[in-house]
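Residue numbers (this note's numbering), protein chains in the order written: chain X, 16 to 325; chain W, 16 to 325. Where is the CB? At the ideal position from N, CA and C, for every residue including glycine. Being a predicted model, the structure only gives us computed values, none of them experimental.
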């Protein structure tokens with residue numbers, strides 16, 4: 016097991032030009048010792064999300080290469096899209112991959128974010144730290160940092176409260192600024208109900224979320240998505256509330272409101288242990304572990320030993 | 016994806032002497048391009064089971080090295096144990112790892128078994144092909160081939176019906192003979208009921224198995240194991256009957272007989288797709304695939320490309 020492994024989930028402000036997107040993604044793919052796990056492009060929002068993992072030094076190198084590629088490829092002044100953006104490389108969150116994947120903690124991710132922010136600042140981009148890396152409480156929430164997008168930030172960058180953590184104190188028109196942060200690993204898990212009544216989803220969300228006395232580590236909102244009521248959840252501590260436990264609570268709560276869960280949705284990636292926990296729960300098979308999965312032995316761990324088995 | 020990948024599950028007649036067991040297992044571990052996934056030793060039966068995977072040429076090499084190590088380390092004349100054994104390397108089955116792991120078929124595994132049998136025969140061990148590799152219908156069932164163990168085989172090796180497929184026509188006292196075969200991949204999945212009445216398990220087994228009009232690809236028996244009624248299943252075609260579908264059929268059938276499934280058990284290895292199917296089924300999450308699992312991207316496939324996603 017590598018000592019500390021992180022996931023980076025950068026959002027950049029290009030979701031239409033395939034050539035630009037691919038050159039930007041290549042800046043990470045061509046970095047040594049990081050692994051690109053996904054690229055999601057959104058033409059409507061004219062925005063893309065890249066997911067990659069690695070240890071601290073390689074992920075730092077790749078992040079700087081990415082910031083440089085975004086600044087080169089994207090001209091923010093010419094860019095348009097529905098999403099309020101403040102930079103070419105808009106947001107760069109680092110997520111610790113904790114047990115059983117590695118020993119990384121949120122503090123490690125915050126320290127990585129600060130080092131990355133400093134390096135990106137020295138490229139000439141204003142950098143704002145947020146989340147667990149924030150330098151002040153009013154900068155903790157990403158929404159506060161990028162309120163009003165590029166234009167909003169341009170108006171307040173002179174305010175000492177909004178001086179960048181790194182880089183110039185003036186907003187470059189072409190590249191804008193970057194929010195670099197750290198946040199805990201979480202699983203985004205949504206349940207669609209067999210009703211279009213969003214009030215049912217709101218009631219269910221209220222019953223399952225930690226804030227209102229529900230399950231530990233569960234955040235939840237009731238939304239309407241595509242004409243269906245959706246209970247949108249963030250599971251922030253799978254060790255305390257697993258996917259099946261959260262889902263069964265939603266099923267019971269929905270039942271009390273006369274609704275049923277029709278289908279569910281996972282956004283992003285989950286560790287294999289989370290999938291195994293689903294199987295353990297529903298099969299009543301507590302012993303099921305990675306050692307029972309053929310691929311877990313077949314595939315060499317990129318950062319681990321090549322010896323598996325007994 | 017490698018073109019053809021196989022699992023070998025050799026049983027050898029030593030389950031007590033740790034030094035011998037480890038030297039025998041090392042003969043496979045030190046073979047190039049095969050991967051040991053498990054070693055199960057059973058002192059009562061004085062017998063061990065090794066699981067390893069690889070492509071045809073490496074698995075063939077490792078199998079011959081294993082047969083040689085077993086013949087060197089084990090003196091069958093001095094060996095004792097509950098299990099009826101006929102050789103030092105007693106049984107050597109090859110299992111094709113089909114889609115999505117590779118393109119290997121049962122025919123490929125049979126052809127591998129014949130090549131391995133020939134090579135092991137040339138070491139001076141009588142070899143009997145069985146299963147899909149059998150040279151005659153009466154040799155298809157392993158139980159028929161090794162009826163009476165070493166002593167039974169010694170009595171009939173002169174019979175033309177039981178001439179070895181490869182190797183000498185006389186049974187060496189120290190090493191005995193080897194049964195080399197091919198069989199389809201299967202998942203051994205058992206459900207324990209909350210009753211000690213084995214008749215309930217037998218009734219449930221009769222309702223779910225294909226032979227009696229139950230689920231396709233399901234073999235089942237009702238057993239008593241450790242004082243509990245157990246429905247012991249082989250799922251031979253996960254594409255037609257998955258683990259959750261088999262379990263839910265057992266749960267419904269047990270319910271009709273006034274019993275409940277208390278826990279389940281998987282023997283051996285399952286492909287990750289089988290675990291994902293459990294999650295898809297119970298979470299109502301049909302889109303869940305390997306691309307959602309962090310490790311599937313993190314781990315390099317031993318035999319594949321190093322590029323993952325997008």
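Test: residue 34/W CB closer than 8 Å to a CB of chain X
no
Quick check on this structure: which residue in 44/X, 303/X, 35/X, 293/X has the alpha carbon closest to the alpha carbon of residue 79/X?
44/X
With a threshold of 16 other CB atoms inside 10 Å of the CB of residue 176/X, please say whether the residue is buried or exposed.
exposed
Local conformation of residue 322/W per DSSP, three classes
Residue placement at residue 322/W is flagged as unreliable, the pLDDT there being 32, under the threshold of 50; the coordinate-derived value follows with that caveat. Coil, per DSSP.
Apart from the five residues on each side of it in sequence, which residues of its chain come closer than 6 Å, Cβ to Cβ, to residue 200/W?
110
Could you list which residues in chain W have their beta carbon closer than 8 Å to that of residue 103/X, in chain order?
Going along chain W, no residue has its Cβ under 8 Å from residue 103/X, so there is no contact; the nearest lies around 20 Å.
Residue 219/W to residue 100/W, Cα distance in whole Å?
32 Å
Where the stretch 44–60 of chain X meets chain W: residues whose CB sits under 7 Å from a CB there:
50, 51, 52, 53, 54
Determine, for residue 268/X, whether the minimum Cβ-Cβ distance to residues of chain W falls below 8 Å.
no
Which whole-angstrom value describes the C-beta separation of residue 75/X and residue 131/X, a residue pair presumed to lie in contact below a C-beta threshold of 8 Å?
5 Å
Can you name the residues of chain W whose CB is closer than 9 Å to the CB of residue 261/X?
Chain W residues near residue 261/X: none, gap ~10 Å exceeds 9 Å.
Taking three-plus beta-carbon pairs below 8 Å as touching, is the stretch 188–207 of chain X in contact with the stretch 250–259 of chain X?
yes
Could you give the DSSP three-state label for residue 275/W: helix, strand or coil?
coil
Using a Cβ-Cβ distance cut-off of 8 Å, determine whether residue 257/W contacts chain X.
no
Straight-line Cα distance separating residue 28/X from residue 83/X
13 Å
Tell me the residue span of the beta strand (DSSP E) that contains residue 101/X.
Segment: none, residue 101/X is in no beta strand (DSSP E) and carries neither H nor E.
Which partner residues does residue 157/W have in the DSSP bridge list?
DSSP lists no partner for residue 157/W.
Between the beta-carbon of residue 38/W and the beta-carbon of residue 70/W, is there less than 8 Å?
no
Where residue 60/X falls: helix, strand or coil (DSSP)
coil
So, does the stretch 228–235 of chain W touch the stretch 152–161 of chain W, judging by three or more C-beta pairs under 8 Å?
no
Does the beta carbon of residue 27/X sit closer than 8 Å to a beta carbon anywhere in chain W?
no
Determine which residues share a DSSP beta bridge with residue 53/W and list them.
66/W
Please report how far the alpha carbon of residue 194/X lies from the alpha carbon of residue 281/W, in whole angstroms.
47 Å
Taking residue 30/X as the reference, give the member of 208/X, 64/X, 216/X with the closest Cα.
64/X
Starting from the N-terminal side, write out each stretch of the beta strand (DSSP E) that is 3 residues or longer and does not extend beyond the stretch 136–199 of chain X.
142–146, 193–197
Contact defined as beta carbons within less than 8 Å: I believe residue 246/X pairs with residue 260/X. What is the distance between those atoms, to the nearest angstrom?
Their Cβ separation, rounded to whole angstroms, is 14 Å, which puts residue 246/X and residue 260/X out of contact at 8 Å.
Give the DSSP bridge partners of residue 237/W, in chain order.
246/W
Indicate whether residue 257/X and residue 296/X have their beta-carbon atoms separated by less than 8 Å.
yes
Counting only beta-carbon separations shorter than 8 Å, does residue 277/W have a partner in chain X?
yes
Quick one: measure Cβ to Cβ for residue 152/W and residue 309/X, integer angstroms, because I've assumed they're closer than 8 Å.
Actually they are not in contact, since the Cβ atoms of residue 152/W and residue 309/X sit about 32 Å apart, beyond 8 Å.
As assigned by DSSP and simplified to three states, the class of residue 22/X:
strand
Would you mind sorting residue 292/X into buried or exposed? The rule is 16 or more other CB atoms within 10 Å of its CB.
buried
Within this structure, are the beta carbons of residue 216/W and residue 128/W separated by less than 8 Å?
no
With 16 other Cβ atoms within 10 Å as the buried cut-off, status of residue 179/X
buried
Against chain W, does residue 70/X count as a neighbour if the rule is that its beta carbon must be under 8 Å from one of theirs?
no
Taking all protein chains shown into account, decide if residue 47/X is buried (16 or more other Cβ within 10 angstroms of its Cβ) or exposed.
exposed
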